[in-house]
Every structure is written in structure tokens, then in C-alpha cells.
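For reference, the structure discussed in these notes is given below.
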Amino acid sequence: MSVLYSFSYFIFSFVVLSIIGLFVSWIDRKITARIQWRVGPPWYQNFVDIIKLSGKEILISENSNKFMFIFSPILAVTSSTICGSILFLVLRKNLGFGGDLILFVYLLTIPSLSIILGGSSSGNVLASVGISRELKLLLSYELPFICGIIIPAIKANSTTSLIEIVKFQEINGSNILSLSGVIGFIVILISSIGKLGVVPFDLAEAETEIAGGALIEYSGILLGFYKLARAILFFVIPSFIVILYLGGTPLNNFLGILIFIIKYFIILILITLIRNTNPRLRIDQALKFFWGWLTLIGIMGILFVLTGM
Amino acid sequence: MAENKKVVVPIGPYHPLLEEPEFFELYCDGEEVVDVEWIAGYNHRGIEKLSESKHWDQVTFLVERICGICSTSHPIAYCNAVEDLLGIEIPERAKYIRSIIGELERLHSHLLWVGLAGHFLGYNTVFMWAWKYREGILDMFEMITGNRNHYAMLMIGGVRRDIEDEDIPILQNTLSEVKGKIQMLTEAILDDPVLSARLKGIGTLTKEDIKNYGAVGPVARASGVDIDVRKDDPYAAYNLVDWKVITANNGDVFDKAVVRLLECFESIKIIEQCLSAIKGKKGEIRKEVREIPEGEGIGRHEAPRGEVFHYVRSDGNTSSPVRHKIRAPSYVNIPTFKASCIGETISDVCIILAGVDPCYCCTERISVYDKEKKKKIYTFEELVKKSIEKTEKIKKEIGKEGKLWKKLF
Numbered sequence: 045m046s047v048l049y050s051f052s053y054f055i056f057s058f059v060v061l062s063i064i065g066l067f068v069s070w071i072d073r074k075i076t077a078r079i080q081w082r083v084g085p086p087w088y089q090n091f092v093d094i095i096k097l098s099g100k101e102i103l104i105s106e107n108s109n110k111f112m113f114i115f116s117p118i119l120a121v122t123s124s125t126i127c128g129s130i131l132f133l134v135l136r137k138n139l140g141f142g143g144d145l146i147l148f149v150y151l152l153t154i155p156s157l158s159i160i161l162g163g164s165s166s167g168n169v170l171a172s173v174g175i176s177r178e179l180k181l182l183l184s185y186e187l188p189f190i191c192g193i194i195i196p197a198i199k200a201n202s203t204t205s206l207i208e209i210v211k212f213q214e215i216n217g218s219n220i221l222s223l224s225g226v227i228g229f230i231v232i233l234i235s236s237i238g239k240l241g242v243v244p245f246d247l248a249e250a251e252t253e254i255a256g257g258a259l260i261e262y263s264g265i266l267l268g269f270y271k272l273a274r275a276i277l278f279f280v281i282p283s284f285i286v287i288l289y290l291g292g293t294p295l296n297n298f299l300g301i302l303i304f305i306i307k308y309f310i311i312l313i314l315i316t317l318i319r320n321t322n323p324r325l326r327i328d329q330a331l332k333f334f335w336g337w338l339t340l341i342g343i344m345g346i347l348f349v350l351t352g353m
Numbered sequence: 003m004a005e006n007k008k009v010v011v012p013i014g015p016y017h018p019l020l021e022e023p024e025f026f027e028l029y030c031d032g033e034e035v036v037d038v039e040w041i042a043g044y045n046h047r048g049i050e051k052l053s054e055s056k057h058w059d060q061v062t063f064l065v066e067r068i069c070g071i072c073s074t075s076h077p078i079a080y081c082n083a084v085e086d087l088l089g090i091e092i093p094e095r096a097k098y099i100r101s102i103i104g105e106l107e108r109l110h111s112h113l114l115w116v117g118l119a120g121h122f123l124g125y126n127t128v129f130m131w132a133w134k135y136r137e138g139i140l141d142m143f144e145m146i147t148g149n150r151n152h153y154a155m156l157m158i159g160g161v162r163r164d165i166e167d168e169d170i171p172i173l174q175n176t177l178s179e180v181k182g183k184i185q186m187l188t189e190a191i192l193d194d195p196v197l198s199a200r201l202k203g204i205g206t207l208t209k210e211d212i213k214n215y216g217a218v219g220p221v222a223r224a225s226g227v228d229i230d231v232r233k234d235d236p237y238a239a240y241n242l243v244d245w246k247v248i249t250a251n252n253g254d255v256f257d258k259a260v261v262r263l264l265e266c267f268e269s270i271k272i273i274e275q276c277l278s279a280i281k282g283k284k285g286e287i288r289k290e291v292r293e294i295p296e297g298e299g300i301g302r303h304e305a306p307r308g309e310v311f312h313y314v315r316s317d318g319n320t321s322s323p324v325r326h327k328i329r330a331p332s333y334v335n336i337p338t339f340k341a342s343c344i345g346e347t348i349s350d351v352c353i354i355l356a357g358v359d360p361c362y363c364c365t366e367r368i369s370v371y372d373k374e375k376k377k378k379i380y381t382f383e384e385l386v387k388k389s390i391e392k393t394e395k396i397k398k399e400i401g402k403e404g405k406l407w408k409k410l411f
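Which chain is which? The protein sequence lines are Z and C, in order. Letter by letter, the first sequence follows residues 45 to 353 in the working numbering. Letter by letter, the second sequence follows residues 3 to 411 in the working numbering.
So, in C-alpha cells, the structure goes:
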């Protein structure tokens, strides 16, 4: 019974997350288009893109490792869905368990790892350049990202449970209202852009340099799965930041949900603006940026939070 | 050398970076590029040969089709060449109109490059904004010539259409609007710290490199070599108006962008002066040319990408050129990748390759392939040898050397 329940919950959250993710990706695309003086796509564009991709032929190159090639996009979509369902549990039902924060961080690296797996199993030269970049990028943005997570965890009396962080903010106000909170917010926002893989950190795909990088050999619904995973992350990661830094409103009524949505959109728009006002960085510059400035700022934030600022 | 060459990263023949079919093989050691090979010849159209079967007047419109972006550069150079052969001077009004068309084309071409460079860097906002600003210039083209591209304005002895007096205030207004927009774009690009970090110090070409490769145009001027046909060998109205040659010193991709953006303002200055020079005046716009006598001529024009060179020869009997030689600027600019790309990373090589504003359709040369064996039949050296043999044969057939041959050798 409970297995069946879990499975149906997973399917349910996959469908809901896909719809939400594709819709917020459309908002990102639409804002981008308006910034660039274009009209932009209609609201259903991302949905028809996925439907169209599911009808396309799946081409698997002869040099590839076929199992890994097919398995990786499914892994990406599964892990991002689990991330999303944990968020749903926390937000809607106030459920959670000790250590789900750590599980969450682990699960968020899996989409990147699956891109690396899929790219390396495709046997393409450009894909190998792409995965080497993705790997370096993963190593680099993970450090400031964790700094950004540690700050609210320490604030909420050194907990590793998401629900504790939510409850802490309900009592004491949002984390962003303190100095360490502002620093942590900036750090996690920028490193999450790296996690989402959009400009200025879209080096692993870099269409005009390596023609899609790790995803170059993918077609059909397998490519669609990666797109879906990306779309779901577009919802999951900003919501995660809202929980960590902008929390404080319970979601048990309409007003609470509305405030959550407004907070979410503020972060989404910030990410969209950053990606539209910057060129793509070089990999060495990205590494220097993440390991240098951003990690330093993050560690400073941790020191501040330890001294109670 | 072969054993040191590591992974080959292909750019082309079909690649999102470049809009035309050509093939760069990047030999990479990790992200670092250790060697670059260039394969062209996918899209050779034989325009030189084709023009030998067209009437003199038709060739003006044929050469316009060499390149879609600098489509009036080739006709200007061709007309200069034929007028050099004829030894005629075109009317002053035609000179001004030629300059206006040439400079408008430079404006739109430079904006197009800025947009594409932004796109290659993943900076799509610059791409869209630059192309949006370019629309105003295309509208001006439509107003003057009737076409947004392939303007068909030039003819031997002058220009085909006059610019009406009532159009001039509208053109001036549009131009000042465009100037404000380009000013804004230039400031935004030159002050962007991330763009500076990305572009400064990569793909540097020294003065020596420019001389060795014979590079021309903005590529040369970005390295501090102030060559510009408009100043060095003035034609059209370039010696009748006041403007200066823009140069920069570092020779990296950033300076190439700076030179191109600042050249836009010089172009606007030239157009403004030309427009006020022809405003309210009447005059001939073309000189009647009845027949082309025997002889040869050369014509040059500073295209947006550098000097374009045309050579024509007439035997006085037929109504088409017996020889028509074209050299587009990209032909000398593209090979500079040997000096600028090696030692850089893949990310940088992409923008360095695009930094010379390559135009492959101008540059394409013949390559002969065996379809069954999928192999090149003639090497480059063999083709050069054949070309020299052909020249010797033609010289013998004519029985004497032309005036240019005497001048050159």
C-alpha cells in the first residue's frame, strides 16, 4: 500500500512539477523576449515543444554506450522530480525528516551528473568538451552553494531539516533580514545560476562554441527529458532559495501561497535579468569567480552568522 | 607534428557559430587549442568565370551577389575598375551618392557584426538590440534604393538613382536617431566589465602579424596599422568630406570591436556631410558610357571588412570582360587565425575566428574533389601552378603585356 502510495505520489508530483516548470520556463522566455524587443513565444510553447520532441525519432549513435545513453536523461528527470516532491511535502504538508536538507543537496547534483553520464556515453568529441566543462563547473559552484545553505541551517539552531528552517523563519522573520542572510542570499542566487546552467554559466552547452555540448547527440524524448529536468529545476531551485532565505509565511491559506509565488517570481526575474545582461564566461573565469570571490564571501557570511549577525 | 596533435574539435561544416559552410579543425589539448586547420571550398560559385560571359553592365549586378552583407562594395570596386580602364571621371553628385551608399553599408555591416559577436558570446540581448538598431539603416536603404539589400545602385559611369531633395530631411532625421542608439550601444558594450574580461587580451595580432598576413580593414586598424583605401587612394567623395581613420593599439578582439563601433560614428559623419552637400542642388548622376575599349583597369573600395580589389581586362571586341579578378578582404583576414588562435582556449577561439568578421562566400576558392574516392584531386600548390600556367598562356595569346603588367613587373 505504502509503496503504491509513494509511487502514485511520485507520478502526481512529476506531472504537477512538469506543468509548473514548463510554465515558469515560459515566463523566463517571455521576459527575455521582452528585454530583447521580441514578442516571445505563446504560453503553451514549452508544452508543444515537449510534445513535439516526444514524437521525434530517437537517434542513438553507434559509438555510444546505449544503456547509459538512455538511462541518464531518465535519471535527470527522476532526481529533479524527487527534489520537487520533497519541496511539496515541506511546503504544503509541513512534513519532513532530519537531514532532508542534505538529501536535497545531493539530489540537486544528480541532474548535472546525469548530463555528464549521458554526454560521456554518447561518444562525441564536442560532448566530451562539454562534460569536462560541466564537471569543472559542478566542482566550482557546489562550494559557494553549500556555503549558502549552511548559513540558514546554522541560523535555525544548526538543523539539517528543511521544516525546522521554515518554522524558525515563521517565528523570527525571514533570514534575508540579517547581514549574513543578505550575503548568503547573493551567494546562493549566483551559484544557483551555475546550477541551472544558464548564461553566464552555460558553458557546458555553449551552443555557439560546442553546439550543445553534452546534449549534442540527444534527440527525441530523451532530449525532452533533459529539457523537462531543466524546467523542473527552474521551479525547484528558486523555491528552495525562497524556503531558505525568504520564508516566514505559512502556506496554509491563499494569501500565503500568493506571497510565496511573488517571492518566487522575484528570484526568477533576478535570474532572468542576470542571464540577459551578461555574456558567457570562460571556464577558467567561472572557476576563479566561484572558488575565489564567491566562496570568500560565503565563508564571510558563515563567520557572520556564527557571531550572530 | 601529426603525433602531437591531440583531439580534433570540429567547427563546421555546419555549426551554429558560423552561418556559412566552412570547416575549422581545432587540434586541442584539453581546452587549449594547439593547432588550427582551415578547409574551404564548399560553396564556390565561379563568379569570376561567370562574369566573363556577361555584359559589362550586367556584371555590376552579378558582383553584387558575391556577398549579401557587403553587397555594394563589390559593385563600387568593379565600377572603379572599369572607370579606371575607361579613364573617366564620374559626376560629383554620383560621387556623393556612392559614398552615402558605401558608408550606410558599413554602418549596417558593423552593427550586424556587433550583434553576431554578442550572440557568439551568449549575450543575446546585444544581438537583438544591435540588429534592431540596424533596422533603421535598412529602412534608409529602402528609401534611397528601393531595396533593403542588394541595392542595385551602381552602374558604370555613375549611379542609377538620384536621392530626391524631399527625402533628405527624413534621412537626416533617421540618421541622427540611429546615431543616438549606436552611442548608447557603444557605451554599454565598452563599459561592460564582463565583456572586457572576456575580450581583452585574446586573439592579439601584432603589427608584424598584420604585415606578414597582409590583413586589411578593421583587423589591421585594430593593431595600429592605419591602412584605409578611402584615405590612401581616395575615390568617390571621400576626399571631399572631413573624416579620420580610426585605429587602436592592442589588436585584440576588444579593440576590433572598438574600431568597428567608432567607425560607425565616422560613417555617420561622412553621410551627414554628403547629404548636406547634395541637398538643394541639381546635377548629373551618370556619365554615358557607350563602349569599353581595349585595356585593363583596377578598382578598389574599402568594404566594411577591408580593401576589396577588382581587376578587369577588355579586348575591345566582345561586350564582356575577358578577365575579371576579384579579391575580397576576408581572403587575407581569415588566415590570421594561425597567429591569433593558437594557444587560446576553445571558448576564445570561437570569438577570435568571428572577430575578423569573416565572410566565407567572398573568400571561397575552387577545390576539386573525387566523388568516389572522397579525396582532393588538386592540392593548393598544384592549383597555383595551373593558374600561373594559364596566365602565361593568356599572355602569349594576347601577344603583348598590358599596361598594368608593365607597371607591376
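Cβ coordinates follow ideal geometry from the N, Cα and C atoms, glycine included. Being a predicted model, the structure only gives us computed values, none of them experimental.
Bridge-paired residues (DSSP) for residue i
| i | result |
| --- | --- |
| C:A224 | Partner(s): none; C:A224 has no beta bridge. |
| C:I328 | C:H312 |
| C:I41 | C:F25 |
| C:I13 | C:F26 |
| C:T347 | C:E34 |
| C:V161 | C:L156 |
C-beta neighbour in chain Z for residue i, strict 8 Å
| i | result |
| --- | --- |
| C:A199 | yes |
| C:W131 | yes |
| C:L187 | no |
| C:A4 | Unreliable positioning characterises C:A4 in this predicted model, as indicated by a pLDDT of 45, which lies under 50. A coordinate reading is not provided. |
| C:F382 | no |
| C:G117 | no |
| C:E33 | yes |
| C:V9 | yes |
| C:F411 | Per-residue confidence for C:F411 stands at a pLDDT of 46, beneath the threshold of 50, marking its modelled position as unreliable; the derived number appears in the next sentence. So, not an interface residue. |
| C:N252 | no |
| C:Y125 | yes |
| C:L19 | yes |
Separation of residue j from residue i, as counted between CA atoms
| i | j | result |
| --- | --- | --- |
| C:I191 | Z:I303 | 37 Å |
| Z:Y308 | C:A341 | 49 Å |
| Z:F56 | Z:R274 | 18 Å |
| Z:G343 | Z:L182 | Before going further, note that residue 343 of chain Z is Ile rather than Gly in the sequence given. Their Cα atoms are separated by approximately 19 Å. |
| C:K181 | C:D193 | 18 Å |
| C:R307 | C:T249 | 14 Å |
| C:E126 | Z:P155 | Per the sequence shown, the amino acid found at residue 126 of chain C is Asn instead of Glu. Their Cα atoms are separated by approximately 26 Å. |
| Z:I327 | Z:T122 | 28 Å |
| C:A4 | Z:L223 | Residue placement at C:A4 is flagged as unreliable, the pLDDT there being 45, under the threshold of 50; the coordinate-derived value follows with that caveat. Looking at the two C-alpha atoms, the distance is approximately 58 Å. |
| C:K202 | Z:I198 | 42 Å |
| Z:L139 | Z:I306 | 23 Å |
| Z:P282 | Z:F189 | 13 Å |
| C:Y362 | C:E22 | 7 Å |
| Z:I118 | Z:F269 | 7 Å |
Closer than 8 Å to chain C by CB, residue i
| i | result |
| --- | --- |
| Z:Q213 | no |
| Z:R326 | yes |
| Z:V280 | no |
| Z:P188 | no |
Neighbourhood of residue i by C-beta distance below 7 Å, restricted to the same chain and skipping five residues each side
| i | result |
| --- | --- |
| C:I348 | V11, L28, C30, E33, V35 |
| Z:L295 | L135, R136, I301, F304 |
| C:W131 | L187 |
| C:E50 | H326, K327, I328 |
| C:V218 | I229, G308, E309, P331, V334, N335 |
Own chain partners of residue i with C-beta closer than 6 Å, once the 5 adjacent residues on each side are dropped
| i | result |
| --- | --- |
| C:G216 | V334 |
Beta-carbon proximity list for residue i, same chain, < 8 Å, skipping 5 on both sides
| i | result |
| --- | --- |
| Z:T339 | L187, P188, C191 |
| Z:I315 | D72, L233, S236, I237, L240, V242, P282 |
| C:P337 | W40, Y215 |
| C:W133 | L113, L114, G117 |
**OP:** Please name the residues in the region 92 to 123 of chain Z whose beta-carbon is closer than 9 Å to at least one beta-carbon of chain C, in chain order.
**Re:** none
Subject >> Near-chain Z residues of the region 318 to 350 of chain C (beta-carbon distance less than 8 Å), N- to C-terminal order >> reply: T347, I348, S349, D350
Subject >> Cβ-based contacts, 9 Å cut-off: residues of the region 166 to 181 of chain Z near chain C >> reply: V169, L170, S172, V173, S176, R177
Original post:
Taking Cβ-Cβ distances below 9 Å as the criterion, which residues of the region 246 to 268 of chain Z are in contact with chain C?
Top reply: D246, L247, A250, E251, T252, E253, I254, A255, G256
Original post:
Going along the region 64 to 91 of chain Z in order, which residues come within less than 8 Å of chain C, judged by CB to CB distance?
Top reply: T76, I79, Q80, W81, R82
Original post:
Which of the residues in the region 318 to 347 of chain Z, read from start to end, lie with their CB under 8 Å from any CB of chain C?
Top reply: N320, T321, N322, P323, R324, L325, R326, I327, D328, Q329
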